[in-house]
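Student:
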Amino acid sequence: MMSIMKRVILSYLFILFAFVTSYAQDSINIKTDSGATHVNSAIRQDGTTDPITLMYNEGDFRKVIEELEKERNEQKALGLESPELYYNLGNAYFRINEIAKARLNYERALLLDPGDRDTRHNINYIMTKIEDKIPVADSFFLNIWFNAVQNLFKSNTWANIGVVCFIILIGCLVLFFFSRLIFFKKLAFYSGIVLIIVVIFANIFSFRQKNKIENRDTAVIMTGSASIVSSPDINSKELTVLHAGTKVTVTKEDRNWLEIEIDNGTIGWIQREKLEII
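And the structure:
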């Protein structure tokens with residue numbers, strides 16, 4: 077009877093392992109530049125003195141933007157995205173004082189690599205330059221904690237953590253079933269419980285990060301000022317005015333209008349051309 081139970085459990089784990097592995101492979105669908113390093117919060121490079129780095133160091137930021145935008149369009153045509161490229165674009169736009177475009181690119185970089193401290197620091201700094209100082213509506217502390225842990229790594233990293241922990245979990249189960257020493261059985265049992273929790277949350281975090289990338293619902297105001305109105309009609313009541321660089325959440329669309337939610341909980345409508353999806 078025990079032998080049959082072992083076979084059933086191991087068979088179930090094998091099927092679950094195949095699912096977790098396939099999900100991890102599917103999660104790795106956003107390719108990024110490799111070997112990037114931090115260069116004094118300026119421009120990230122691969123260790124070589126490339127022309128774009130030289131132009132940046134010489135202060136020719138508009139030429140840098142032109143080259144990086146061209147590279148971004150080439151990557152986009154191939155279905156690729158790079159947080160390093162967005163980060164560099166954000167820095168270049170900031171240098172010419174185009175705050176809205178700088179934040180847009182920083183936010184895109186953070187979306188692909190939410191654990192990057194430099195990007196998050198630059199966003200926090202750039203928010204001090206934005207005219208709108210909108211207080212964030214209170215959020216449940218567990219939700220804040222959950223998102224903070226989730227943002228430690230990007231989707232691919234969480235997926236890989238899940239796979240590695242699952243492999244170790246299988247080893248713990250084998251040790252638990254086949255070891256004759258009580259100490260190793262206890263060690264395997266309690267380690268297995270911890271690993272199961274890590275596997276579950278790693279896959280949840282990976283799925284949520286991937287979903288945020290595939291279903292983008294945040295945007296940045298791109299015009300100097302934009303009226304937020306009560307309904308998708310130019311003649312409807314104005315609720316408030318937002319300015320360039322403010323981040324909003326898109327909740328609905330209607331023709332050339334988008335319903336948005338501001339950090340303080342205010343909901344209204346804005347013309348589509350006045351913002352850009354992150």
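In this note's numbering, each residue carries its 1-based index in the sequence shown increased by 76.
We put the beta carbon where it would ideally sit given N, CA and C, even for glycine.
Note that this is a predicted model, so its numbers are computed, not measured.
When you compare the CB positions of K308 and D330, do they come within less than 7 Å of one another, or not?
Tutor: Mapped onto the sequence shown, residue 308 falls at position 232. Mapped onto the sequence shown, residue 330 falls at position 254. The question names Lys, but residue 308 is Pro in the sequence shown. Closer than 7 Å, so yes.
Student: Once the 5 residues before and after S312 are set aside, which same chain residues still bring their CB inside 8 Å of it?
Tutor: For the purposes of this step, residue 312 is taken as the residue at position 236 of the sequence shown. Closer than 8 Å at the Cβ level, and outside the excluded window around S312, lie V305, S306 and W345.
Student: If you drop the 5 nearest sequence neighbours on each side, which residues of the same chain put their C-beta closer than 7 Å to that of K107?
Tutor: What you label residue 107 is simply residue 31 of the sequence shown in a count that begins at 1. For K107, the predicted structure reports a pLDDT of 36, less than 50, and the residue's modelled location is therefore unreliable. The matter cannot be settled from this model.
Student: Starting from the C-beta of T327, find all residues in its chain whose C-beta is less than 6 Å away, skip the five residues before and the five after it, and write them out in chain order.
Tutor: If you number the sequence shown from 1, residue 327 lands on position 251. Same-chain partners within the cutoff: E335 and E337.
Student: Take every Cβ of the stretch 191-210, pair it with every Cβ of the stretch 235-244, and state whether three or more of those distances are shorter than 8 Å.
Tutor: The answer is no - the stretch 235-244 does not touch the stretch 191-210, with fewer than three Cβ pairs under 8 Å.
Student: Grab the span of the alpha helix (DSSP H) containing L251 for me, first residue to last.
Tutor: Locating residue 251 in the sequence shown gives position 175, where the first residue counts as 1. Run containing L251: S231 to F254, per the alpha helix (DSSP H) assignment.
Student: Please report the straight-line C-alpha distance between S158 and N181, rounded to a whole angstrom.
Tutor: The residue you call residue 158 lines up with position 82 of the sequence shown. The residue you call residue 181 lines up with position 105 of the sequence shown. If I take the Cα positions, the gap works out to 11 Å.
Student: Should the stretch 263-274 be called in touch with the stretch 286-302, which here means at least 3 C-beta pairs below 8 Å?
Tutor: Output reads no: the stretch 286-302 does not touch the stretch 263-274.
Student: Can you grab the Cα-Cα spacing for the pair I310 / S301, in whole Å?
Tutor: Within the sequence shown, residue 310 is the residue found at index 234, counting from 1. Within the sequence shown, residue 301 is the residue found at index 225, counting from 1. C-alpha separation (whole angstroms): 15 Å.
Student: Closest to I172 by CA distance: which of L271, R284 and R138 is it?
Tutor: Working through the sequence shown from its first residue, we reach residue 172 at position 96. Considering only alpha carbons, the answer is R138.
Student: Which first and last residues belong to the alpha helix (DSSP H) in which I304 is found?
Tutor: By 1-based counting over the sequence shown, the position of residue 304 is 228. No alpha helix (DSSP H) holds I304; the beta strand (DSSP E) holding it covers S301 to V305.
Student: Where does D293 fall in DSSP's three states?
Tutor: Taking the first residue of the sequence shown as 1, we reach residue 293 at position 217. Coil.
Student: Given a cut-off of 7 Å on the beta-carbon distance, is the pair V274 and C241 in contact?
Tutor: Along the sequence shown, read from residue 1 onward, the residue named residue 274 stands at position 198. Along the sequence shown, read from residue 1 onward, the residue named residue 241 stands at position 165. Their beta carbons are under 7 Å apart, which means V274 touches C241 by this criterion.
Student: If I follow the unbroken alpha helix (DSSP H) through T129, where does it start and stop?
Tutor: As a working mapping, residue 129 is identified with position 53 in the sequence shown. Note, T129: alpha helix (DSSP H), P127 to N133.
Student: With DSSP as the reference, identify every bridge partner of V270, one or two as the case may be.
Tutor: Taking the first residue of the sequence shown as position 1, residue 270 is located at position 194. In the DSSP output, where bridge partners are listed per residue, V270 has none listed.
Student: Near F229, which residues of its chain fall below 6 Å by C-beta distance, leaving aside the five closest residues on each side in sequence?
Tutor: On the sequence shown, position 153 is the one that residue 229 refers to. Excluding sequence neighbours, F229 sits near G191.
Student: So K323 is in the beta strand (DSSP E); what residue range does that whole segment cover?
Tutor: Counting from one through the sequence shown, the residue named residue 323 turns up at place 247. Looking at the DSSP string, the run of the beta strand (DSSP E) that includes K323 is K323 to D330.
Student: Would the beta-carbon of N184 fall within 7 Å of that of I354?
Tutor: Locating residue 184 in the sequence shown gives position 108, counting from the first residue. Locating residue 354 in the sequence shown gives position 278, counting from the first residue. Before going on, a small fix: residue 184 reads as Arg here, not Asn. For R184 and I354, yes; Cβs fall inside 7 Å.
Student: Excluding five sequence neighbours on each side, which residues of the same chain lie with their C-beta closer than 7 Å to the C-beta of A178?
Tutor: Position 102 of the sequence shown holds residue 178. Only G166, Y169, F170 and I202 meet the Cβ criterion.
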